[in-house]
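Residue numbers (the working numbering), protein chains in the order written: chain A, 716 to 1059; chain B, 5 to 247.
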């Protein structure tokens, strides 16, 4: 894992502190022992497959569900002990936008401003700003019932902005939106991230990497990895894999490849035909390819096929969630490729 | 809290809901009123309004679950419960705001029936002090039933189930009242005292006779308060043990 200190690039003060959070549904633990922080003006991606415990965690942070054990502190207020103060700092957009179909957009936002305790003098300005940010101004008189799913999502998003909360909790805000709307919402989140702390959940890693500064990967209720997006991308580009099909003596080829500087590991070594092997080499950089070619050719080995395979973000995510074991960081997870014995 | 109260009140009055219920209530009230007048003793021309309340309450008590069924079940069903419970409003304020909204609709329905005594006042004489006492008892009786209906709405996400459960409980309450008046109970004085203490109809009897007893007022208010507190505890408890 990257040092906690290196995460502090956005803000130095902690907006949300989650410590050893556990929630049981009956005997089944939905989340177990989660601990992480969200700093001031930071966009934290909360990534995990469906059923990983993302919504449960977000519901607990928002004060909707209590935890079985552990604590959540928002802006210094404990979410259970000082619920009203903590909730004043939170804007929450749940997975299903909490809208009343029989209300009109503006009327609904006015109601939400009321229950959030927005000052009377600020209600109008805040509603106008929220509607403007979400492109809802033209829809202000429309019944929410008659709006499309995308617009309902926008109304839900607009209500989260009311009360000028310091923390925004967005549970899969782009689900069900068309590509243009997804792009708009991402741009909005990036814009809001300048002066808000945001926790943003998704099961799409590309989306998280496009918007967030840092990512927490969760599966089956446990944190599998926590890293900055930039470090995650660096790690991916550093882990380049070269698929090779070579004709020659197996032991000799393996020894030659392992001796090349810049080859980090060899995996998936298989005999595919007589005197022909396939293997995958993890390289430090692209330039190692030339070295491999010259070494093999100089030792009378015929290269039948050679292709680069770069791990995509999705592959990283799948790898992490499928391994299902807690690792110290993305790098450790990626380095752990199932290596076969190179000498038999 | 006012925002939630206003929203709930609007959901009643901006839909036909409150008006249809009020219309039904007035219809039953009118039928009772007409039948009472038609049976009037021609020598005295005196009749008792509270007896209309009695007749009506047997119908009205079944209207109450329809009034309360959506209060929490509707929020849960529509996914808006999360908005309320994650807002800075406390559970107590949420329950009170919803209760006040339903009580306002109920008050609106009760106030509509003032048409009849006002009409009588134009033609004859009305003993207002006694009548207002009866109105107060009627309101308190209904208010306690409303708190019961709200409590049941908290237990389910389905408004229809909340209404059906409410009707069953209302039948149970009526049964308790009938039981309290039966000779079977009067044989056992202790049981009679206990059921008499719990029977809301007996309490209303004093109000209807123009007799304002602090004991009855305290009973209705404390019964309502206990059920409201129970409602708040159920919401909190359900959150803590939600599956």
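Virtual Cβ for every residue (Gly too), placed ideally from N, Cα, C.
- For residue 734 of chain A, the pairing in a beta bridge is given by DSSP as A:786.
- The beta carbons of residue 769 of chain A and residue 91 of chain B sit about 22 angstroms from each other, so the pair does not count as a contact at 8 angstroms.
- None of the residues of the stretch 159-170 of chain B has a beta carbon lying less than 7 angstroms from any beta carbon of chain A.
- Taking 7 angstroms as the threshold, the shortest C-beta distance from residue 888 of chain A to chain B does not fall below it.
- Taking a contact to require three or more Cβ pairs closer than 8 angstroms, the stretch 740-756 of chain A and the stretch 932-943 of chain A qualify as touching.
- Three or more beta-carbon pairs separated by less than 8 angstroms link the stretch 866-877 of chain A to the stretch 805-825 of chain A, which places the two stretches in contact.
- The beta carbon of residue 786 of chain A sits closer than 7 angstroms to the beta carbons of 734, 793 from its chain, once the five residues preceding and following it are set aside; these are given in chain order.
- For the pair residue 928 of chain A and residue 805 of chain A, the CB atoms are not nearer than the 7 angstroms cut-off.
- Here residue 961 of chain A is not near residue 984 of chain A, since their CB atoms are 7 angstroms or more apart.
- Distance from the CA atom of residue 236 of chain B to the CA atom of residue 124 of chain B, rounded to whole angstroms, is 43 angstroms.
- Following the DSSP letters along the chain, one finds residue 919 of chain A in no alpha helix (DSSP H), marked with neither H nor E.
- A straight line joining the alpha-carbon of residue 1022 of chain A with that of residue 1007 of chain A spans about 12 angstroms.
- Around the beta-carbon of residue 23 of chain B, fewer than 16 other beta-carbon atoms lie within 10 Å, marking it exposed.
- With respect to chain A, the C-beta atom of residue 7 of chain B has a partner C-beta closer than 7 angstroms.
- In this chain, the beta strand (DSSP E) harbouring residue 956 of chain A covers 955-962.
- Taking a C-beta cut-off of 9 angstroms against chain B, none of the residues of the stretch 970-981 of chain A qualify.
- For residue 938 of chain A, the enclosing beta strand (DSSP E) starts and ends at 937-943.
- With a 10 Å radius around the Cβ and a threshold of 16 neighbouring Cβ atoms, residue 76 of chain B comes out buried.
- Residues of the stretch 88-113 of chain B with a Cβ closer than 8 angstroms to any Cβ of chain A, in chain order: 88, 89, 90, 91, 92, 93, 94.
- Within the stretch 786-803 of chain A, the residues whose Cβ lies closer than 9 angstroms to some Cβ of chain B are 798, 799, 800, 801, 802, 803, listed in chain order.
- Along the stretch 23-52 of chain B, none of the residues has a CB nearer than 9 angstroms to a CB of chain A.
- In the structure shown, residue 777 of chain A falls within a coil segment according to DSSP collapsed to helix, strand and coil.
- Contacts with chain B (Cβ-Cβ distance below 8 angstroms) from the stretch 755-786 of chain A involve 774, 777, 778, 779, 780, 781, listed in chain order.
- Under the 10 Å beta carbon count, residue 163 of chain B is surrounded by 16 or more other beta carbons and is classified as buried.
- Residue 875 of chain A is a Cβ neighbour of residue 808 of chain A, given a cutoff of 7 angstroms.
- With distances taken between CA atoms, residue 58 of chain B lies nearest to B:213 out of B:213, B:241, B:176.
- Selection B:64, B:132, B:86 evaluated against residue 777 of chain A yields B:86 as nearest (Cα-Cα).
- Assignment of beta-bridge partners to residue 1017 of chain A by DSSP yields A:962.
- Apart from the 5 residues on each side of it in sequence, residue 917 of chain A sits with its Cβ closer than 8 angstroms to the Cβ of 760, 761, 762, 887, 889, 923 in its chain, given in chain order.
- Taking 7 angstroms as the CB threshold, residue 83 of chain B lines the interface with chain A.
- In this structure, DSSP gives residue 890 of chain A a state outside helix and strand, which the three-state scheme calls coil.
- Distance between residue 789 of chain A and residue 732 of chain A, taken at the CA atoms: about 7 angstroms.
- Against residue 241 of chain B, chain A offers no close residue; the least beta-carbon distance is about 10 angstroms (beta-carbon pairs closer than 7 angstroms).
- Sixteen is the threshold: since fewer than 16 other Cβ atoms of the shown chains lie within 10 Å of the Cβ of residue 27 of chain B, the residue is exposed.
- Not a single C-beta of chain A is nearer than 7 angstroms to the C-beta of residue 80 of chain B.
- Along the stretch 112-145 of chain B, there is no position whose C-beta sits under 7 angstroms from a C-beta of chain A.
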